[in-house]
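Q: Got a structure for you, questions after.
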Amino acid sequence: MYTFSSRLRMASFIMMIVGLLGIGIGFMSAPSTVEEAKAMVASHDEGHGDAHAEAAGLAEANAHGEHAEAHDAAHDEHVLHQLQNKPWSALYVAAFFFFMIALGVLAFYAIQRASQAGWSPLLFRVMEGITSYLVPGGIIIFVILVLSVLHMNHLFVWMDADVVAHDKLLMGKSGYLNPTFFLIRAAIFLGGWILYREYSRKLSLKQDASDDNSNFKLNFRISAAFLVFYLISESIMSWDWIMSVDPHWFSTLFGWYVFASMIVSGITVIAMVTIYLKSKDYLPDVNNSHIHDLAKFMFGFSIFWTYLWFSQFMLIWYSNIPEEVTYFVTRIEDFKLPFFGMVVMNFVLPLLLLMNSDYKRINWFVILTGIIILAGHYMDIFNMIMPSTVGDQWSIGIPEIGAILFFAGLFIFWVFRALTKAPLQPKRNPFIEESRHFHY
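Reading the sequence shown from the start, the letters are residues 3 to 442 in this note's numbering.
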């Protein structure tokens with residue numbers, strides 16, 4: 003039985019407290035008026051020694067008359083909304099990132115159940131512990147979405163009725179992109195994911211105390227059915243929660259792209275938690291072959307993510323259709339470092355670090371690669387959200403770091419607390435002996 007160490011518990015609490023302070027500073031420092039926003043932009047530019055377009059725009063307005071004044075006022079209002087979005091965007095990116103880790107683990111867990119894999123039952127309790135985060139993570143995500151609907155932020159421009167009224171494209175999408183239907187879909191998806199997790203976990207624990215395999219067989223059937231629901235709901239969720247922050251753009255690959263980021267991050271965390279528990283002598287039957295297989299999945303899904311990223315990027319770049327290519331033009335011009343840095347962290351480094359089979363069995367090496375992969379996929383979510391919500395006003399500062407620390411602390415606390423609720427090794431899984439003697 004796992005015991006939540008006092009050091010890890012204390013570390014998670016400290017991370018949450020420091021994170022909350024950072025998030026609070028982000029919200030308190032956000033401007034509330036156009037004048038405050040212009041002053042913040044001006045001070046930022048002075049610190050970098052540049053003259054900014056916002057400052058120049060005011061002088062141009064005086065020179066070019068009423069039309070220029072109206073245009074400049076609208077631009078200043080836009081910059082205000084971008085700066086007000088910064089703490090919300092930092093919160094949303096971190097909240098979604100840690101939630102998607104748990105959701106990716108849930109998908110991997112369901113695949114193992116539905117495929118009746120023989121190598122992985124020793125890791126089921128680890129996966130069940132990680133997926134416990136779906137409850138607090140899902141609640142936080144839903145609250146942020148509700149607050150967006152209530153116009154507490156400007157993350158989703160299509161939620162502004164005035165914007166929609168002057169945009170024919172958004173008016174055409176309003177049957178789908180409307181606040182009520184948006185929240186209904188979110189509730190259905192969150193409810194479905196959490197319901198499967200809780201029921202599958204219940205059957206998993208009942209199997210340990212059972213004298214037959216009925217619970218195991220039922221778990222197999224519901225997992226196969228859940229994967230159908232998951233594939234549909236995950237795609238729609240990615241359109242709703244991420245792609246719709248830029249509602250004029252769409253990609254038919256987007257659902258798969260988000261899935262690739264989600265599942266590789268989830269598998270990476272499974273490997274890291276497993277290695278940690280094994281180092282504390284809680285998983286004595288887990289051997290280097292299990293770690294090797296997890297590292298193979300980390301490597302394989304990193305390549306899969308790269309395939310989808312390149313397919314989406316290359317086709318849009320090559321066709322050069324203005325309505326599509328602006329998505330990447332914005333990211334390349336204003337987010338050059340995080341955009342290309344993400345590709346290095348999510349493809350080049352995992353490729354080089356995990357190509358050698360022997361390195362996949364070295365625990366500290368897998369942990370090192372895992373940290374790089376998680377940082378890269380955080381940047382992936384960052385690149386999906388920030389260009390549309392904050393534009394060229396982005397930075398990685400106190401709000402962003404604070405949000406990462408808060409959700410990392412909450413994630414660690416919730417997951418490791420869940421691991422204390424049941425023995426870490428299943429007893430009556432029909433494949434437990436195969437898993438125990440698994441060697442590659």
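A virtual CB, placed ideally from N, CA and C, is assigned to each residue, including glycine.
Considering LEU254, what are the terminal residues of the alpha helix (DSSP H) in which it resides?
A: Note on identity: in this sequence residue 254 is Thr, with Leu being the wrong assignment. Segment: none, THR254 is in no alpha helix (DSSP H) and carries neither H nor E.
Q: Given a threshold of 16 other Cβ atoms within 10 Å of its Cβ, counted over all protein chains shown, does MET300 qualify as buried or as exposed?
A: Under this definition MET300 is a buried residue.
Q: THR276 and LEU296 look like a contact to me (Cβ under 8 Å); what is the Cβ gap, rounded to whole Å?
A: Rounded, the Cβ-Cβ distance is 7 Å, consistent with contact.
Q: Taking just the CA atoms, how far does ALA211 sit from PHE315?
A: So the alpha carbons of these two residues sit roughly 51 Å apart.
Q: Give the secondary structure of TRP195 by DSSP, where H, G and I count as helix, E and B as strand, and everything else as coil.
A: Looking at TRP195 - three-state DSSP - the assignment turns out to be helix.
Q: Would you mind stating whether LEU140 and ILE196 have Cβ atoms separated by less than 8 Å?
A: Sequence check: residue 140 is Gly here, not Leu. Cβ distance < 8 Å, so GLY140 and ILE196 count as in contact.
Q: Start and end of the alpha helix (DSSP H) containing ILE364?
A: Here ILE364 belongs to no alpha helix (DSSP H), and DSSP marks it neither H nor E.
Q: Check whether the Cβ atoms of LEU171 and THR391 sit closer than 8 Å, and answer yes or no.
A: No. Outside cutoff.
Q: Is HIS294 helix, strand or coil when you go by DSSP?
A: Three-state result, HIS294: helix.
Q: From this set, PHE413, MET245, LEU205, TYR259, which residue's C-alpha is nearest ARG424's C-alpha?
A: For clarity, residue 424 is Ala in the given sequence; the question names Arg instead. Of the candidates PHE413, MET245, LEU205, TYR259, the one whose C-alpha sits nearest the C-alpha of ALA424 is LEU205.
Q: Counting Cβ pairs closer than 8 Å, one from the region 14-23 and one from the region 396-413, do we hit at least three?
A: Taking 8 Å as the limit for Cβ pairs, the verdict is that the region 396-413 does touch the region 14-23.
Q: Between the alpha carbons of ARG438 and PHE222, how many angstroms are there, rounded?
A: About 20 Å.
Q: Terminal residues of the continuous alpha helix (DSSP H) containing PRO340?
A: From DSSP, the alpha helix (DSSP H) with PRO340 extends over 338-345.
Q: Based on Cα-Cα distance, which residue from ILE374, GLY257, LYS429 lies nearest to TRP311?
A: The shortest C-alpha separation from TRP311 is found at GLY257.
Q: Report buried or exposed for GLU130, applying the criterion of at least 16 other Cβ atoms within 10 angstroms of its Cβ.
A: By the neighbour-count rule (16 or more Cβ atoms within 10 Å), GLU130 is buried.
Q: Taking only three categories from DSSP, how would you classify PHE6?
A: It is coil, neither helix nor strand.
Q: Under 8 Å, do SER150 and GLY194 count as touching if we go by C-beta distance?
A: No; because the gap between Cβ atoms is not below 8 Å, this pair is not in contact.
Q: Only counting the same chain, and skipping five residues up and downstream in sequence, which positions put a Cβ closer than 8 Å to that of ALA13?
A: So the qualifying residues of the chain are GLY411, ILE414.
Q: Can you tell me whether THR133 is buried or exposed? The criterion is at least 16 other CB atoms within 10 Å of its CB, across all chains shown.
A: THR133 comes out buried.
Q: When we look at the beta-carbon of ASN322 and count the other beta-carbons within 10 Å, is it buried (16 or more) or exposed?
A: ASN322 should be labelled exposed.
Q: Pull up the CB-CB distance for VAL266 and TRP319, whole angstroms please, since I reckon it's below 8 Å.
A: With a Cβ gap of about 24 Å, VAL266 and TRP319 do not count as contacting.
Q: So, helix, strand or coil for PHE158, using DSSP?
A: Three-state result, PHE158: coil.
Q: Given GLU79, which residues of its chain have a CB within under 8 Å of its CB, disregarding the five upstream and five downstream residues?
A: Excluding positions up to five away in sequence, the list reads VAL36.
Q: Taking the Cβ atom as the reference point for each residue, do LEU108 and PRO33 lie within a distance shorter than 8 Å?
A: No.
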